[in-house]
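Colleague: I have a structure I would like to understand better, so I am pasting it below and will then ask my questions one at a time.
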């Protein structure tokens with residue numbers, strides 16, 4: 005790492021969105037082949053007010069930047085300072101995104117080698133749980149007199165780099181750095197500027213053959229890194245040969261939920277040759293059983309047309325009637341249920357399970373019907389389809405801070421009714437909704453989503 009010219013850089017900004025927020029301070033430390041060269045910093049007039057919350061964090065006020073140069077006034081000098089250097093930043097996607105957007109506004113293309121110290125720390129210290137800057141400062145006792153000011157934070161990165169070279173083998177560090185900086189070997193059919201065009205944002209992508217056949221569909225929270233990773237290194241699956249990939253398509257999402265939904269949609273629509281084939285949703289079976297209101301035994305039913313807002317009597321999701329019965333049989337054997345009482349066998353007892361010493365004896369009078377029903381209720385509980393946890397339709401709003409993109413995913417009774425980008429479109433999608441088929445993959449995705457409650461999204465009741 006110390007065998008090259010480095011710029012350790014940190015920015016302070018008016019917010020977290022690179023395309024709409026602006027830089028308020030730049031700090032950098034220059035190092036050449038392990039030798040400290042110097043440092044430079046400047047306040048930057050963002051040409052807009054600094055939000056009070058940001059000002060309280062950084063200590064940078066509107067008055068401090070009022071007479072500072074704008075980025076446009078600093079751009080040429082800064083561009084020369086950074087030229088030919090490897091840019092080192094903590095959570096480099098953030099700093100690089102801001103610089104790239106600022107340089108783009110003044111007509112300069114900014115595409116340096118970028119090294120992220122968050123990724124470097126994770127790679128070199130996998131046993132540590134935290135890798136944010138405050139954690140590194142505390143862990144290594146690094147000095148930082150003015151935290152959240154650009155130059156002070158840039159100095160911390162240089163100190164951290166010196167510390168890892170004291171603790172670890174140089175070869176180990178070089179390998180970690182080389183893996184981050186490896187350049188992709190693009191197939192001849194793909195445009196040379198593909199790395200510059202790919203967004204560092206969540207979304208889905210697809211590779212196509214010269215005949216426009218979908219070869220592979222993937223997803224990532226960082227499209228650029230994931231797509232280019234297919235063209236780095238020698239151990240590639242056979243389908244990634246240069247001649248086979250002629251086009252890359254991608255679609256940006258505002259968050260992980262939108263990314264997952266798009267991935268399911270693309271997989272089912274494109275049916276790529278080299279992915280495992282997605283399930284079709286034409287058939288969806290479940291076991292219907294309610295010990296009070298009936299049916300008295302679990303019955304496999306085609307659930308495509310069922311009202312899934314009322315799920316207390318529905319257990320499991322299966323691709324066929326046979327699969328549903330096999331799951332019921334397995335559950336009965338594992339929990340000692342009677343095959344006759346579970347609807348798996350007709351006629352007088354004893355049932356097959358009793359003959360195999362698995363059934364507790366409902367079919368021969370050794371267990372009461374109430375006792376058997378209670379045990380079957382417990383056994384099937386793990387399979388029970390979750391009730392829709394809201395009073396009506398909802399919008400799940402996701403916001404990608406880096407791109408500023410906002411999406412609202414409209415859901416009702418486990419159905420994905422569509423995705424819109426503005427509140428004005430919400431009522432339109434509710435009023436024009438068509439008969440959306442139930443999708444078991446969407447159901448599973450939403451169940452996990454409601455359990456995790458991601459920080460970059462929020463739920464809005466629509467009625």
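In our numbering, the protein residues as written are 5 to 467.
For every residue, glycine included, the Cβ atom is placed at its ideal position computed from N, Cα and C.
Per the DSSP calculation, residue 42 is bridged to which residue(s)?
Modeller: Sequence index remark: in the chain shown, residue 42 carries index 38 (1-based). Per DSSP, 34.
Colleague: With DSSP as the reference, please indicate the residues paired to residue 382 in a beta bridge.
Modeller: As a working note, residue 382 is residue 378 in the chain shown. DSSP lists no bridge partner for residue 382.
Colleague: On a Cα-Cα basis, can you pick out the residue from 267, 222, 192 that is closest to residue 249?
Modeller: In the chain shown, residue 249 corresponds to position 245, counting from 1. Taking only the C-alpha atoms, the option nearest residue 249 is 192.
Colleague: Can you tell which of 58, 327, 199 has the C-alpha that lies nearest to the C-alpha of residue 114?
Modeller: In the chain shown, counting from the first residue as 1, residue 114 sits at position 110. Of the candidates 58, 327, 199, the one whose C-alpha sits nearest the C-alpha of residue 114 is 199.
Colleague: Hey, out of 445, 6, 220, whose CA is closest to residue 174's CA?
Modeller: Walking along the chain shown from the start, residue 174 turns up at place 170. For residue 174, the nearest C-alpha among the options comes from 6.
Colleague: So what does DSSP say about residue 148, is it helix, strand or coil?
Modeller: For the purposes of this step, residue 148 is taken as residue 144 along the chain shown, with counting starting at 1. If DSSP states are grouped into helix, strand and coil, residue 148 belongs with coil.
Colleague: For a quick check, are the C-beta atoms of residue 257 and residue 207 less than 7 angstroms apart?
Modeller: Position 253 of the chain shown holds residue 257. Position 203 of the chain shown holds residue 207. Closer than 7 angstroms, so yes.
Colleague: Specify the secondary structure class of residue 363 as computed by DSSP and reduced to three states.
Modeller: Stepping through the chain shown from its first residue, residue 363 is reached at position 359. Note: residue 363 maps to coil in three-state DSSP.
Colleague: With C-beta atoms as the reference, is residue 186 less than 7 angstroms away from residue 90?
Modeller: The count along the chain shown starts at 1 and reaches residue 186 at position 182. The count along the chain shown starts at 1 and reaches residue 90 at position 86. Contact flag unset, no.
Colleague: Is there a C-beta anywhere in chain C that falls below 7 angstroms from the one on residue 462?
Modeller: The chain inventory of the structure shown lacks chain C, comprising one protein chain alone.
Colleague: What first and last residue would you give for the beta strand (DSSP E) that runs through residue 321?
Modeller: On the chain shown, residue 321 is found 317 positions in, with the first residue counted as 1. It spans 318-322 - the beta strand (DSSP E) in which residue 321 sits, taken as one unbroken run.
Colleague: Between which residues of its own chain and residue 204 is the CB-CB distance below 6 angstroms, once the five residues before and five after are set aside?
Modeller: Numbered from its first residue, the chain shown carries residue 204 at position 200. These residues qualify, in order along the chain: 97, 226, 228.
Colleague: Is there contact between the segment 20-34 and the segment 48-59, where contact requires at least three CB pairs shorter than 8 angstroms?
Modeller: Output reads yes: the segment 48-59 touches the segment 20-34.
Colleague: Helix, strand or coil for residue 239, going by three-state DSSP, please let me know.
Modeller: Numbered from 1 along the chain shown, position 235 holds the residue referred to as residue 239. For residue 239, the predicted structure reports a pLDDT of 49, less than 50, and the residue's modelled location is therefore unreliable. A value from the coordinates is still provided. It is coil, neither helix nor strand.
Colleague: Sorted by chain position, which residues of the same chain lie with C-beta nearer than 7 angstroms to residue 405's C-beta, five sequence neighbours on each side aside?
Modeller: Within the chain shown, the letter at position 401 stands for residue 405. Hits under 7 angstroms: 20, 21.
Colleague: Just checking, does the segment 287-302 make contact with the segment 314-331 on the three C-beta pairs under 8 angstroms criterion?
Modeller: yes
Colleague: Using C-beta distances below 7 angstroms, list every residue in its chain close to residue 299, excluding the 5 sequence neighbours before and after it, in chain order.
Modeller: The count along the chain shown starts at 1 and reaches residue 299 at position 295. Hits under 7 angstroms: 292, 293.
Colleague: On a Cα-Cα basis, can you pick out the residue from 463, 343, 37, 53 that is closest to residue 169?
Modeller: What you label residue 169 is simply residue 165 of the chain shown in a count that begins at 1. If we check each option's Cα against that of residue 169, 37 comes out closest.
Colleague: Going by the beta-carbon positions, is the gap between residue 160 and residue 172 smaller than 7 angstroms?
Modeller: The sequence position of residue 160 within the chain shown is 156, counting from 1. The sequence position of residue 172 within the chain shown is 168, counting from 1. It is not a contact, given that the beta carbons lie outside the stated cut-off.
Colleague: Exposed or buried, residue 361, counting other C-beta atoms within 10 Å across all chains shown (16 or more means buried)?
Modeller: Along the chain shown, one-based indexing puts residue 361 at 357. Classification for residue 361: exposed.
Colleague: What residue range is occupied by the uninterrupted alpha helix (DSSP H) comprising residue 348?
Modeller: Against the chain shown, residue 348 aligns to sequence position 344. That residue, residue 348, is in no alpha helix (DSSP H); it is neither H nor E in DSSP.
Colleague: How about residue 127 and residue 180: are their beta carbons less than 7 angstroms apart?
Modeller: Locating residue 127 in the chain shown gives position 123, counting from the first residue. Locating residue 180 in the chain shown gives position 176, counting from the first residue. Contact flag set, yes.
Colleague: First and last residue of the beta strand (DSSP E) that includes residue 16?
Modeller: As a first step, residue 16 is located in the chain shown; it is residue number 12 there, counting from the start. Element bounds for residue 16: 9-17.
Colleague: Can you list, in chain order, the stretches of the beta strand (DSSP E) that have 3 or more residues and sit fully within the segment 101-179?
Modeller: The segment 101-179 contains these whole beta strand (DSSP E) runs: 118-120.
Colleague: Count Cβ pairs between the segment 398-417 and the segment 425-437 that sit closer than 8 angstroms; are there 3 or more?
Modeller: These segments touch.
Colleague: Just to confirm before moving on: does the CB-CB distance between residue 74 and residue 49 stay below 7 angstroms?
Modeller: As a first step, residue 74 is located in the chain shown; it is residue number 70 there, counting from the start. As a first step, residue 49 is located in the chain shown; it is residue number 45 there, counting from the start. Yes, they are a contact pair.
Colleague: In angstroms with no decimal places, state the Cα-to-Cα distance between residue 92 and residue 276.
Modeller: The residue you call residue 92 lines up with position 88 of the chain shown. The residue you call residue 276 lines up with position 272 of the chain shown. Each residue's Cα considered, the two are about 38 angstroms apart.
Colleague: Give the range of the alpha helix (DSSP H) segment to which residue 263 is assigned.
Modeller: Within the chain shown, the letter at position 259 stands for residue 263. Segment 260-274, the alpha helix (DSSP H) holding residue 263.
Colleague: Whose C-beta lies closer than 6 angstroms to the C-beta of residue 420 among residues of the same chain, with five residues either side of it excluded?
Modeller: Numbered from 1 along the chain shown, position 416 holds the residue referred to as residue 420. Around residue 420: 446.
Colleague: Could you tell me the distance, in whole angstroms, from the CA atom of residue 232 to the CA atom of residue 399?
Modeller: Here residue 232 refers to the residue found at position 228 of the chain shown. Here residue 399 refers to the residue found at position 395 of the chain shown. When rounded, the distance between both Cα atoms is 33 angstroms.
Colleague: In the structure shown, what three-state DSSP assignment does residue 49 receive?
Modeller: Working through the chain shown from its first residue, we reach residue 49 at position 45. Looking at residue 49 - three-state DSSP - the assignment turns out to be strand.
Colleague: Given a cut-off of 7 angstroms, decide if residue 118 and residue 3 are closer than it, judged by their beta-carbon atoms.
Modeller: Residue 3 falls outside the range modelled here, since the chain spans only 5 to 467, and no answer is possible.
Colleague: Which residues in the same chain have their Cβ closer than 6 angstroms to the Cβ of residue 337, if we skip the five residues on either side of it in sequence?
Modeller: Working through the chain shown from its first residue, we reach residue 337 at position 333. Within the same chain, residue 337 has close Cβ partners 362.
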